[in-house]
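**Student:** Encoded as structure tokens, here's the structure I'll be asking about.
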Amino acid sequence: MAGRYRIVRLLGRGGMGEVYLVHDLMLDQEVALKFLPAALARDPMRLALFHNEVRVARRVTHKNACRMYDIGEVDGRPFLSMEYVDGEDLASLLRRIGHLPEEKGLEVARQLAAGLAAAHEEGIVHRDLKPANVMIDGSGQVRIMDFGLAGVIGEIEDLRSGTPAYQAPEQMRGEDVSARTDLYSLGLILYEIFTGRRAFEEPSSPRELSGLKLPSSSRQIAVETERAVLRCLEPHPEDRPASALELAAMLPGADPLADALAAGKTPSPELVAAAGERRALPAPKAFACVGAIALGLVGFVALRAPRLLLAELPELKPPAVLVDRAETLVAKLGLDLFPHTGFGFRTDDAPPVLRFWFRGSRTPLETFGLNDRVSVRDPPMSEPGMARIELDPAGRLVELVVVPSPSAPVATDWSVLFEAADLDLESFVPAEPEWIPPVFAEQRFAWRGPRATTRVEAGSIASAPVYFRVGDTASFSATQSRADQEDTVLSRLLSFAATGIGFVVLVGVTLLARRHWKAGRADRRGAARLAAAMFAVNAAGLTLGLEHYADPARELNRWLEVLLEATFAAAVFWVFYLALEPFARRIWPHGLIAWNRLLGGQGRDSLVGRDVLIGVLAGVAMAATVPLADAIATTMGQPRTPPELPSPYVLLGSRYVASGILTWTTFAVNNAVFLLFLFVTIRFFLKRSWAAAATLTLATVGILLAAQAAGFTEWLERLFSFAIAIGTMVRFGFLATVVAGTVDFTLRSTPITHDWSEWYAGAMLTVLFFLVALALYGLVVSRRGVKGVI
2 MAGRYRIVRL LGRGGMGEVY LVHDLMLDQE VALKFLPAAL ARDPMRLALF
52 HNEVRVARRV THKNACRMYD IGEVDGRPFL SMEYVDGEDL ASLLRRIGHL
102 PEEKGLEVAR QLAAGLAAAH EEGIVHRDLK PANVMIDGSG QVRIMDFGLA
152 GVIGEIEDLR SGTPAYQAPE QMRGEDVSAR TDLYSLGLIL YEIFTGRRAF
202 EEPSSPRELS GLKLPSSSRQ IAVETERAVL RCLEPHPEDR PASALELAAM
252 LPGADPLADA LAAGKTPSPE LVAAAGERRA LPAPKAFACV GAIALGLVGF
302 VALRAPRLLL AELPELKPPA VLVDRAETLV AKLGLDLFPH TGFGFRTDDA
352 PPVLRFWFRG SRTPLETFGL NDRVSVRDPP MSEPGMARIE LDPAGRLVEL
402 VVVPSPSAPV ATDWSVLFEA ADLDLESFVP AEPEWIPPVF AEQRFAWRGP
452 RATTRVEAGS IASAPVYFRV GDTASFSATQ SRADQEDTVL SRLLSFAATG
502 IGFVVLVGVT LLARRHWKAG RADRRGAARL AAAMFAVNAA GLTLGLEHYA
552 DPARELNRWL EVLLEATFAA AVFWVFYLAL EPFARRIWPH GLIAWNRLLG
602 GQGRDSLVGR DVLIGVLAGV AMAATVPLAD AIATTMGQPR TPPELPSPYV
652 LLGSRYVASG ILTWTTFAVN NAVFLLFLFV TIRFFLKRSW AAAATLTLAT
702 VGILLAAQAA GFTEWLERLF SFAIAIGTMV RFGFLATVVA GTVDFTLRST
752 PITHDWSEWY AGAMLTVLFF LVALALYGLV VSRRGVKGVI
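In this text, residue positions in the sequence shown follow this note's numbering: the first is 2, and each later residue adds one.
Following this line, the structure appears as structure tokens:
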């Protein structure tokens with residue numbers, strides 16, 4: 002036949018065709034040929050299904066799926082060639098012996114799940130999975146047969162097609178089908194394998210678990226086996242296993258992740274997500290975590306508040322009052338009211354200083370940064386008429402800088418500026434100017450105060466002040482030192498080198514991502530979802546943190562800049578994840594189980610909830626290492642660290658706190674990815690997780706502290722903090738580390754106070770509400786577990 006095949010015998014005949022065993026004379030091997038019945042050979046719809054079976058089935062290449070070869074025609078009758086399986090279909094086997102022993106049934110179930118997973122990875126659903134379409138050869142190998150009704154998800158039009166007795170509820174209703182539709186059909190097959198009877202005797206009977214006899218009522222089977230079968234038979238698709246691999250992992254004695262690693266393969270993201278337990282976190286452990294979080298937050302607030310510089314600033318004014326002080330000074334100086342303004346807080350670490358700055362300009366304050374956020378130095382003081390005013394927390398003038406303009410006012414009494422600085426001009430004596438103003442000044446002035454260290458430096462043009470600054474010798478020296486450091490040949494070379502190294506790293510990571518993409522190792526779906534999440538988080542954080550204007554053109558330009566920065570950040574995350582994640586999945590996949598479940602849309606998974614809960618607890622512990630290290634250092638006679646400052650950004654209000662939380666989340670993900678890559682690299686050589694964790698902790702802390710020349714207290718705090726972070730990663734995985742980093746960043750940046758009447762207490766309450774909500778989410782989801790367990 003066809004000059005190539007010799008018919009050996011008829012294998013079977015059905016409504017959709019006749020199957021013959023033939024000998025391929027060209028290749029000298031046996032294959033199976035499936036012919037359409039003569040009555041259907043000219044039916045366009047049947048021909049379309051026939052061609053579709055070849056087109057779809059050829060995409061599935063797995064040992065547990067029957068291989069499809071080609072399509073041809075003989076004497077006007079189309080046929081398709083496929084792998085010949087010498088065995089018996091599951092339907093006839095069950096009719097002959099009743100049911101399979103549990104051990105053999107589990108073996109068949111795992112192979113069926115593996116074959117389905119291969120089809121689902123190609124985006125294909127079988128839609129007609131039943132015992133008659135499952136072959137078992139003489140060696141016990143399982144093959145999924147007959148892809149005649151299979152289709153690509155999202156492209157299927159005839160949704161009701163299939164065998165009614167093995168259809169899922171949504172398939173019977175003509176709704177969209179998915180991989181979980183096939184899992185329902187597989188659940189019906191497994192029920193029949195373990196019990197020897199159908200789950201629902203009537204093909205059209207309602208698919209309700211309440212009317213279903215438990216498999217264990219017919220014969221004794223493992224609890225895990227029964228739970229897996231019943232999960233597949235959930236009426237709602239979202240309650241079924243997320244994938245065939247997850248089902249395989251649920252079966253007793255299964256460890257597909259270990260099998261993949263033993264075979265030297267990189268497990269797929271779906272296989273990683275399917276591994277691990279799915280039981281609810283025991284109530285004692287869950288509520289113990291919540292209690293520890295609550296105690297940790299109370300202790301953190303109690304110990305942190307006295308350590309903040311805010312506690313030493315009894316006259317700290319809210320931003321609205323400080324803006325009013327600045328605008329009042331502008332009016333007293335005779336300057337025009339500025340149509341374009343910006344304001345905020347800034348900090349200096351050595352010594353710890355908090356300052357409020359106010360910027361004004363006659364032209365729009367166009368920044369050089371991508372996020373269009375005005376800062377104390379962006380945009381530069383370059384446009385005529387620009388002014389910058391800095392006040393201390395009590396509203397006293399510290400510095401005034403005005404860019405000269407032709408319309409500058411004439412003679413001004415310096416006493417106005419002394420009064421704004423809360424200084425008595427009469428008690429100051431003229432002195433020789435020592436510091437060069439940051440703007441051009443025709444005349445320079447200086448005064449020395451009652452205390453030898455207090456100085457005022459000033460400058461003017463045409464008797465109009467353009468510079469005024471109050472400080473002591475140390476503050477002037479620190480400013481000059483920073484300016485010198487920022488404007489040296491070495492600093493410029495280092496900046497250029499850092500940019501070059503960053504570019505080389507980005508190119509290298511891009512090439513590595515391309516290699517993983519072409520080799521099929523990259524987690525394309527996970528990278529896309531992470532990039533989309535990072536885009537949304539960045540865009541939302543920037544939008545909340547920016548000032549908005551009524552000018553449509555400027556507002557549109559601002560939105561475009563926000564989208565540009567968010568897109569760039571998402572693209573970088575996407576490339577780095579494609580490049581680095583396969584290494585972690587190959588070397589340490591157990592640490593990515595909860596993370597992959599979250600990226601796979603399983604936000605209500607009990608393991609995800611557990612890791613979020615643990616992450617909150619670890620983050621609180623990391624933030625508490627600062628007062629803990631101080632207490633230990635004091636006990637040992639070591640000097641304490643200087644008072645700390647919160648993030649100046651969050652002092653502007655709760656909206657900025659929300660923006661900060663979103664920004665800190667991206668920082669936490671970025672740091673966790675870098676930490677994960679370092680950890681798996683060291684683990685690759687040391688082979689043991691805890692040895693790699695200890696090495697990474699000591700090496701990281703040593704490098705950071707050597708670069709910063711920190712003292713004993715800082716070394717101790719970093720040691721504790723990194724030990725908790727890396728210990729959390731090793732014990733609980735990547736997701737818990739990301740959550741811990743977010744909580745740690747948030748708490749360290751938050752203004753903490755014991756006085757709830759303080760104007761910045763709202764920022765603290767916003768953060769505490771966020772952490773409580775995150776902990777409650779972890780508690781509820783970790784206790785959700787598998788239905789029937791709680």
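Glycine residues also receive a C-beta, built at the ideal position from the N, C-alpha and C atoms.
In the DSSP assignment, the alpha helix (DSSP H) including Gly779 goes from what residue to what residue?
**Tutor:** Taking the first residue of the sequence shown as 1, we reach residue 779 at position 778. Unbroken alpha helix (DSSP H) run through Gly779: Ala762 to Ser783.
**Student:** In the DSSP assignment, find the unbroken beta strand (DSSP E) run with Gly521 in it and report its ends.
**Tutor:** Counting from one through the sequence shown, the residue named residue 521 turns up at place 520. That residue, Gly521, is in no beta strand (DSSP E); it is neither H nor E in DSSP.
**Student:** If you check the beta carbons only, do Leu614 and Leu780 fall under 8 Å apart?
**Tutor:** For the purposes of this step, residue 614 is identified with residue 613 of the sequence shown, where counting begins at 1. For the purposes of this step, residue 780 is identified with residue 779 of the sequence shown, where counting begins at 1. Yes.
**Student:** Quick one: is Trp665 buried, meaning 16 or more other Cβ sit within 10 Å of its Cβ, or exposed?
**Tutor:** For the purposes of this step, residue 665 is taken as residue 664 along the sequence shown, with counting starting at 1. So Trp665 ends up on the buried side.
**Student:** Straight-line CA distance for Phe733 to Asp612?
**Tutor:** The residue you call residue 733 lines up with position 732 of the sequence shown. The residue you call residue 612 lines up with position 611 of the sequence shown. Each residue's Cα considered, the two are about 7 Å apart.
**Student:** Mind the definition here: the stretch 120 to 127 touches the stretch 18 to 30 only if three or more C-beta pairs lie below 8 Å; say whether that holds.
**Tutor:** no
**Student:** In angstroms with no decimal places, state the Cα-to-Cα distance between Ala624 and Val354.
**Tutor:** Numbered from its first residue, the sequence shown carries residue 624 at position 623. Numbered from its first residue, the sequence shown carries residue 354 at position 353. For Ala624 and Val354, the distance between alpha carbons rounds to 22 Å.
**Student:** Can you check the stretch 519 to 555 for any alpha helix (DSSP H) of at least 4 residues that lies completely inside it and give the ranges in chain order?
**Tutor:** 525 to 546
**Student:** Can you tell me whether His24 is helix, strand or coil according to DSSP?
**Tutor:** Locating residue 24 in the sequence shown gives position 23, where the first residue counts as 1. In this structure, His24 counts as strand in the three-state DSSP scheme.
**Student:** Enumerated in chain order, which unbroken segments of the beta strand (DSSP E) with a length of 3 residues or greater are wholly contained in the stretch 731 to 762?
**Tutor:** For the stretch 731 to 762, not a single whole beta strand (DSSP E) run of length 3 or above is found.
**Student:** Quick one: grab the DSSP three-state call for Gly361.
**Tutor:** Numbered from 1 along the sequence shown, position 360 holds the residue referred to as residue 361. It is a strand residue.
**Student:** Reducing DSSP to helix, strand and coil, say where Tyr6 ends up.
**Tutor:** Sequence index remark: in the sequence shown, residue 6 carries index 5 (1-based). Tyr6 falls in the strand class under three-state DSSP.
**Student:** For Ala532, which residues of its own chain have a beta-carbon under 8 Å away from its beta-carbon, when the five flanking residues on both sides are left out?
**Tutor:** As a first step, residue 532 must be located in the sequence shown, where it is residue number 531. Once the five neighbours on either side are set aside, the close Cβ partners of Ala532 are Ala571, Ala572, Phe574, Trp575 and Tyr578.
**Student:** Measure the beta-carbon distance from Leu234 to Tyr185 and round it to whole angstroms, keeping in mind my assumption that it falls under 8 Å.
**Tutor:** As a first step, residue 234 must be located in the sequence shown, where it is residue number 233. As a first step, residue 185 must be located in the sequence shown, where it is residue number 184. Yes, they are in contact, since the Cβ atoms of Leu234 and Tyr185 sit about 7 Å apart, within 8 Å.
**Student:** Using DSSP's beta-bridge definition, name the partner residues of Met136.
**Tutor:** As a working note, residue 136 is residue 135 in the sequence shown. In the DSSP assignment, the residues bridged to Met136 are Asp90 and Arg144.
**Student:** Please list the terminal residues of the continuous beta strand (DSSP E) segment that includes His81.
**Tutor:** Counting from 1 along the sequence shown, the entry for residue 81 is found at position 80. In the sequence as presented, His is not what sits at residue 81; that position holds Leu. Here the beta strand (DSSP E) through Leu81 covers Arg78 to Glu84.
**Student:** Quick one: what does DSSP say Asp1 is sitting in, helix, strand or coil?
**Tutor:** In the structure as shown, the chain begins at 2 and stops at 791. Residue 1 is therefore absent and cannot be evaluated.
**Student:** Given the structure, does Gly116 come close to the ligand ZN, in the sense that its CB is under 7 Å from one of the ligand's heavy atoms?
**Tutor:** Inclusion of the ligand ZN in the displayed structure is not the case, the ligand content being empty and no account of it being possible.
**Student:** Spatial neighbours of Arg326 within its chain, please: C-beta separation below 7 Å, excluding the five flanking residues on both sides.
**Tutor:** Sequence index remark: in the sequence shown, residue 326 carries index 325 (1-based). Leu392 and Gly396, listed in sequence order.
**Student:** What would DSSP say about Pro320, mapped onto helix, strand or coil?
**Tutor:** Within the sequence shown, numbered from 1, the residue matching residue 320 stands at position 319. Pro320: helix per DSSP, three-state reduction.
**Student:** Under 8 Å, do Leu564 and Ala534 count as touching if we go by C-beta distance?
**Tutor:** In the sequence shown, residue 564 corresponds to position 563, counting from 1. In the sequence shown, residue 534 corresponds to position 533, counting from 1. Contact: no.
**Student:** Is Pro431 helix, strand or coil by DSSP?
**Tutor:** Taking the first residue of the sequence shown as position 1, residue 431 is located at position 430. Strand, per DSSP.
**Student:** What do you reckon, are the CB atoms on Thr714 and Ala726 nearer than 8 Å?
**Tutor:** Mapped onto the sequence shown, residue 714 falls at position 713. Mapped onto the sequence shown, residue 726 falls at position 725. Result no, Cβ atoms of Thr714 and Ala726 do not sit closer than 8 Å.
**Student:** Based on Cα-Cα distance, which residue from Gln172, Phe148 and Leu581 lies nearest to Val506?
**Tutor:** Within the sequence shown, the letter at position 505 stands for residue 506. Checking every option, the nearest Cα to that of Val506 belongs to Leu581.
**Student:** If contacts are defined as beta-carbon pairs under 8 Å, then Val331 and Ala388 qualify, I think. What distance do you get, rounded to the angstrom?
**Tutor:** Position 330 of the sequence shown, counted from the first residue, corresponds to residue 331. Position 387 of the sequence shown, counted from the first residue, corresponds to residue 388. Confirmed, Cβ separation roughly 7 Å.
**Student:** Based on Cα-Cα distance, which residue from Ala529, Leu629, Ala3 and Ser648 lies nearest to Val75?
**Tutor:** The count along the sequence shown starts at 1 and reaches residue 75 at position 74. Minimum Cα distance to Val75 is reached at Ala3.
**Student:** Counting Cβ pairs closer than 8 Å, one from the stretch 466 to 475 and one from the stretch 433 to 448, do we hit at least three?
**Tutor:** yes
**Student:** Applying the 10 Å Cβ sphere with the 16-neighbour rule, what's the burial state of Glu313?
**Tutor:** Sequence index remark: in the sequence shown, residue 313 carries index 312 (1-based). Exposed is the call here.
**Student:** Roughly how many whole angstroms lie between the Cα atoms of Phe201 and Gly212?
**Tutor:** If you number the sequence shown from 1, residue 201 lands on position 200. If you number the sequence shown from 1, residue 212 lands on position 211. Roughly 9 Å separates the two Cα atoms.
**Student:** The alpha helix (DSSP H) spanning Gly300 covers which residue range?
**Tutor:** For the purposes of this step, residue 300 is identified with residue 299 of the sequence shown, where counting begins at 1. From DSSP, the alpha helix (DSSP H) with Gly300 extends over Ala284 to Arg305.
**Student:** Taking DSSP as the reference, what is the three-state secondary structure of Trp448?
**Tutor:** Looking up residue 448 in the sequence shown gives position 447. The DSSP-derived three-state label of Trp448 is strand.
**Student:** Name the two residues that bound the continuous alpha helix (DSSP H) containing Val273.
**Tutor:** As a working mapping, residue 273 is identified with position 272 in the sequence shown. That run of the alpha helix (DSSP H) goes Pro270 to Ala275.
**Student:** Candidates Val430, Gly546 and Ile462: which alpha carbon is nearest Ala447's?
**Tutor:** Numbered from its first residue, the sequence shown carries residue 447 at position 446. For the residues Val430, Gly546 and Ile462, the minimum Cα distance to Ala447 belongs to Val430.
**Student:** For Gly139, is the classification buried or exposed, using 16 other Cβ atoms within 10 angstroms of its Cβ as the cut-off for buried?
**Tutor:** In the sequence shown, counting from the first residue as 1, residue 139 sits at position 138. Classification of Gly139: exposed, given that the 10 Å Cβ count is below 16.
**Student:** For Leu392, report the span of its beta strand (DSSP E) as first-last.
**Tutor:** On the sequence shown, residue 392 is found 391 positions in, with the first residue counted as 1. That run of the beta strand (DSSP E) goes Ala388 to Leu392.
**Student:** Quick one: what's got a C-beta closer than 7 Å to Leu41's C-beta in the same chain, skipping five residues either side?
**Tutor:** If you number the sequence shown from 1, residue 41 lands on position 40. Arg47, listed in sequence order.
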